[in-house]
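The C-terminal residue of the sequence shown carries number 187 in my numbering, and the numbering is unbroken. Below is one structure, written out as structure tokens, with a few remarks after it.
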Amino acid sequence: FVADRLKEIVQLPEVLPRLVAALNEEIVRQSQPLEQELVVLLERKEELKTKIEKWEVALEDSPELFPMLKDRLDELTEKRRQLHIRENEILGIFQQQGEPIQVKDVQRI
79 FVADRLKEIV
89 QLPEVLPRLV
99 AALNEEIVRQ
109 SQPLEQELVV
119 LLERKEELKT
129 KIEKWEVALE
139 DSPELFPMLK
149 DRLDELTEKR
159 RQLHIRENEI
169 LGIFQQQGEP
179 IQVKDVQRI
């Protein structure tokens, strides 16, 4: 399939702009679910931050509860850490996507 497309591009250069446009549309289409995931992830991360802060205040007020609350606090902190890792993964993908593909760049190749 790829070889056939390359032959088509070499033989019919007018195909290249359509192909580049299709690739750019596909990149945008694939990034939309990631954008939605990022929004939800950031909301969840903020919720966890608030919960963690409440647990920390509760522990400051009643340090004797630490043995009982430690596991829950650790669990919330770990969930927040995992969300932060996923956030960085998504942001890395967006950074790699960069600018749209330009026909002139493909022609140079």
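Glycine included, C-beta positions come from ideal geometry on N, C-alpha and C.
State the start and end residues of the unbroken alpha helix (DSSP H) segment that holds Leu137. Along the sequence shown, read from residue 1 onward, the residue named residue 137 stands at position 59. Where Leu137 is concerned, the enclosing alpha helix (DSSP H) stretches over Val93 to Asp139.
Start-to-end residues for the alpha helix (DSSP H) that takes in Pro145: Within the sequence shown, residue 145 is the residue found at index 67, counting from 1. From DSSP, the alpha helix (DSSP H) with Pro145 extends over Phe144 to Gln175.
Is the beta carbon of Val181 less than 8 Å from the beta carbon of Leu94? For the purposes of this step, residue 181 is identified with residue 103 of the sequence shown, where counting begins at 1. For the purposes of this step, residue 94 is identified with residue 16 of the sequence shown, where counting begins at 1. Closer than 8 Å, so yes.
Is DSSP giving Gln180 helix, strand or coil here? As a first step, residue 180 must be located in the sequence shown, where it is residue number 102. In the structure shown, Gln180 sits in coil (DSSP, three-state: anything other than H, G, I, E or B).
Best match in Leu169, Arg159 and Asp139 for proximity to Leu112 [C-alpha to C-alpha]: Taking the first residue of the sequence shown as position 1, residue 112 is located at position 34. Looking at the Cα atoms, Leu169 is the closest of the given residues.
In whole angstroms, what separates the C-alpha of Glu153 from that of Val80? Within the sequence shown, residue 153 is the residue found at index 75, counting from 1. Within the sequence shown, residue 80 is the residue found at index 2, counting from 1. If you take the alpha carbons of Glu153 and Val80, they lie about 48 Å apart.
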